[in-house]
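Novice:
Below is the structure:
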């Protein structure tokens with residue numbers, strides 16, 4: 044009895060991880076190319092960029108916000124990099140793109156922190172704006188990159204044959220994990236999201252902390268945009284149309300609550316991985332794209348429902 | 079005891095309830111007679127709130143029986159309990175502040191009450207019955223605490239309640255409002271309504287209650303007519319030991335002037351000037367809403383001001399944010415623990431360290447070891463009862479939560495410690511410990527500004543008392559020389 048209960052409680056706590064294990068288990072019984080090193084590595088490789096977006100977003104969500112402008116930011120920054128690349132050294136172009144991301148995050152942060160606007164609406168609006176700019180610059184056509192070095196950033200394998208993207212992701216995971224867990228900035232993020240007033244009264248510069256989180260998130264989104272366009276060797280204004288939704292969703296599925304003050308980068312990592320894995324499994328099983336969307340939607344809703352259910356039970360226990 | 083069944087409105091027998099890791103109620107039995115004001119006292123964590131929530135249907139009991147008005151009650155919901163005639167008035171009111179008084183009273187019963195017109199008419203009648211003249215069209219957000227309480231009582235009456243449970247009804251009332259509440263309780267008793275009165279304030283128990291049940295650690299210790307008990311005995315049963323004094327001896331460590339506040343003016347405050355001395359406990363007395371909290375918040379930099387001059391140790395300081403306040407050596411223990419004091423998702427240790435992250439760093443990174451050590455030292459020295467430093471703060475009792483907030487600020491080594499209602503909703507034992515902490519702090523050279531609605535507390539602890547009414551300082555007293563009556567007169571303005 045108590046063992047069962049313990050298992051149930053553990054599952055409740057780690058829903059996303061449970062979902063991953065369940066999918067891995069189910070896939071054993073199907074004869075697909077799922078369990079091949081190629082597929083698994085490829086999946087991780089394509090998940091890497093979304094994962095990195097999620098790290099930045101996690102920071103914002105922990106501070107009690109959310110960011111839905113990351114998808115458009117990502118696409119715009121890729122375009123900026125490719126356009127600038129012809130006129131200046133590659134490094135400068137990348138830095139300029141990341142600076143644009145930080146600027147967009149800064150504006151998001153200004154509205155959220157100074158004007159006390161709902162972050163959902165503001166970042167959604169910012170997303171539209173950025174997408175508009177991207178379309179205007181490119182006339183809605185894809186822009187190809189003509190630089191081999193640039194292409195190698197995301198497609199190369201510098202270390203032991205492991206794709207660069209995966210290495211960059213792991214490094215970023217560690218960096219964000221350390222920031223959130225072992226710096227006062229990270230801790231203050233949790234405090235600001237947990238209770239803004241209490242944080243302010245305790246002498247924490249709550250405004251600055253939350254604002255910085257948005258800036259970091261924007262810069263991270265731009266960085267991911269650089270990687271994406273490097274990977275695909277093109278920039279396009281249609282990239283990232285649904286990215287923002289799935290990334291924010293993945294964070295919440297992993298256990299970083301929109302209420303703020305709880306969660307972490309590892310949780311978001313797992314949450315987003317679950318979504319990516321689900322997609323991959325369904326691809327392998329040959330399920331049609333439309334049905335896939337339905338399934339994904341249902342599963343996300345289910346996980347969130349369980350989440351709220353557990354939350355309610357916990358509240359009763361308090 | 080030979081009573082007939084119908085004399086009892088409520089009987090609880092052998093009820094137990096466990097939460098993960100805690101046995102909140104252990105074989106609790108209780109009987110409440112009709113038309114009786116029945117007090118329940120006990121320290122925080124004694125199980126009073128759990129019992130109440132089982133009665134109202136928020137929690138389900140693990141075992142035992144509950145009988146209300148002759149009927150066995152098994153599973154129930156808050157709404158069902160209300161319809162059965164059992165109302166609860168929580169310490170934190172359950173009113174919707176964006177709706178009007180009338181709508182709140184008949185919340186969820188719009189149709190029954192006869193639409194908007196019937197709602198306001200009936201609500202008006204109910205309020206009239208309890209001698210209140212609040213307009214039913216007013217928004218709840220515009221009401222004062224005692225008015226909100228009136229609305230809650232009117233709501234309870236609207237269900238023709240046979241039993242009303244009041245949880246710490248007086249915790250934010252002033253003396254005058256309290257007298258009104260007392261009259262109301264007597265009036266309801268005359269109508270045959272039973273009242274379960276839960277309070278930390280023993281004076282009120284003695285004044286209003288016929289019978290009192292003492293609880294400790296999830297058990298009922300004793301139930302007796304109030305007339306058979308004296309104060310010391312009751313406190314002894316509550317804490318399991320006898321407390322000789324409710325207050326420690328008044329600290330005497332007053333030194334030279336430390337802080338001078340001049341011309342403090344905001345929308346509400348009018349030209350406040352006063353001096354705080356080193357090692358002094360300065361009490362602020364006034365009605366709720368007189369501006370006591372506003373004064374300290376303004377000094378600390380939490381609120382905007384029109385004009386303010388603050389000098390500490392002769393140096394003129396610009397304090398425009400809590401961060402400035404903290405840097406100038408101030409600490410603020412706010413009046414509302416849950417809303418302003420605690421970060422609820424945090425653990426005990428993070429709540430303590432959050433204002434002191436600089437102290438738990440090793441290089442640029444936080445050191446979990448140092449943080450743990452800081453928490454453990456405070457848990458030991460402040461006698462905080464917690465399973466571990468990493469326990470969630472929400473699982474602690476009110477008194478222990480308050481100690482965590484005090485610990486957070488003690489770690490900043492403040493020169494000026496501002497305490498706004500530091501003992502609200504805290505049991506006698508923990509109160510005494512907090513008084514001792516205050517005493518230790520001033521003896522170590524800090525100064526304290528103490529705000530409290532409990533007059534005896536201010537009078538026993540302070541070296542000097544300022545009365546505040548309507549945003550002005552109306553008097554300065556030495557609490558050892560002047561009677562409580564005189565001070566209160568001045569505070570009423």
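Protein chains in written order, with this note's numbering: chain A, 44 to 361; chain B, 79 to 571.
For glycine and all other residues, C-beta sits at the position ideal for the given N, C-alpha and C.
Just so we're clear, the structure is a prediction, and the values are computed from it rather than from any experiment.
1. Could you name the residues that DSSP lists as bridge partners for residue 86/B?
2. Name the one or two DSSP bridge partners that residue 300/B has.
3. Could you please give the first and the last residue of the uninterrupted alpha helix (DSSP H) stretch that includes residue 458/B?
4. Which of helix, strand or coil does DSSP assign to residue 379/B?
5. Is the Cβ of residue 41/B closer than 9 Å to any Cβ of chain A?
6. Between which two residues does the beta strand (DSSP E) harbouring residue 573/B extend?
7. Which term fits residue 154/B, buried or exposed, when burial requires 16 or more other beta carbons within 10 angstroms of its beta carbon?
8. At least one CB of chain A closer than 9 Å to the CB of residue 114/B: is that the case?
9. Output yes or no for whether 9 Å exceeds the beta carbon distance between residue 204/B and residue 232/B.
10. Would you check if the distance between the CB atom of residue 122/A and the CB atom of residue 261/A is smaller than 9 Å?
11. Would you call the CB atoms of residue 115/A and residue 171/A closer than 9 Å?
12. Is there a Cβ from chain A that is less than 9 Å from the Cβ of residue 432/B?
13. Just how far apart, CA to CA, sit residue 360/A and residue 127/B?
14. Could you name each continuous alpha helix (DSSP H) segment of 4 residues or more that falls completely within the stretch 413–447 of chain B, going from the start of the chain to the end?
15. Which runs of the alpha helix (DSSP H) at least 4 residues long sit entirely within the stretch 469–543 of chain B? Give them in chain order.
16. Any C-beta of chain A sitting closer than 9 Å to the C-beta of residue 442/B?
17. Quick check: is the beta carbon of residue 243/A nearer than 9 Å to any beta carbon in chain B?
18. Distance cutoff 9 Å, beta carbons only. Does residue 412/B sit that close to anything in chain A?
19. To the nearest whole angstrom, what separates the beta carbons of residue 80/A and residue 118/A, a pair I think is in contact under 8 Å?
20. Within the continuous alpha helix (DSSP H) that includes residue 321/A, where are the two ends?
21. Counting only Cβ pairs nearer than 7 Å, list the residues of chain B close to residue 85/A.
22. Run the CB neighbour count on residue 285/A, radius 10 Å, all protein chains shown included, and call it buried at 16 or more, exposed below.
23. Return no unless some Cβ of chain A is closer than 9 Å to the Cβ of residue 446/B.
24. Considering only the alpha carbon of each residue, which of 213/A, 153/A, 140/A lies closest to residue 264/A?
25. Please go through the same chain and pick out, in chain order, the residues whose beta-carbon is closer than 8 Å to the beta-carbon of residue 421/B, but skip the five residues on each side of it.
26. State yes or no: is the C-beta of residue 129/B within less than 9 Å of the C-beta of residue 159/B?
27. What alpha helix (DSSP H) runs, 4 residues minimum, are completely inside the stretch 314–400 of chain B?
28. With a threshold of 9 Å between beta-carbons, can residue 220/A be considered close to chain B, or not?
29. Suppose only complete runs of 4+ residues qualify. What are the alpha helix (DSSP H) ranges in the stretch 123–193 of chain A, listed by chain order?
30. Would DSSP call residue 278/B helix, strand or coil?
31. Reducing DSSP to helix, strand and coil, say where residue 347/A ends up.
32. With distances taken from CA atoms, which of 137/B, 120/B, 87/B is nearest residue 93/B?
33. Within 10 angstroms of its Cβ, does residue 333/A collect 16 or more other Cβ (buried), or is it exposed?
Specialist: With the structure as the only source:
1. 111/B
2. 292/B
3. 446–459
4. coil
5. Shown here, chain B extends from 79 to 571; a query on residue 41/B therefore has no answer.
6. Residue 573/B falls outside the range modelled here, since chain B spans only 79 to 571, and no answer is possible.
7. buried
8. no
9. yes
10. no
11. yes
12. yes
13. Bear in mind that a pLDDT of 47 at residue 360/A, under 50, signals an unreliable position, so the model cannot answer this.
14. 426–431
15. 476–488, 506–521, 533–539
16. yes
17. yes
18. yes
19. About 31 Å; that fails the 8 Å criterion.
20. 308–327
21. In chain order: nothing, as chain B lies at least about 36 Å away.
22. exposed
23. yes
24. 140/A
25. 428, 429, 432, 471
26. no
27. 370–378
28. no
29. 133–152, 162–181
30. coil
31. helix
32. 137/B
33. exposed
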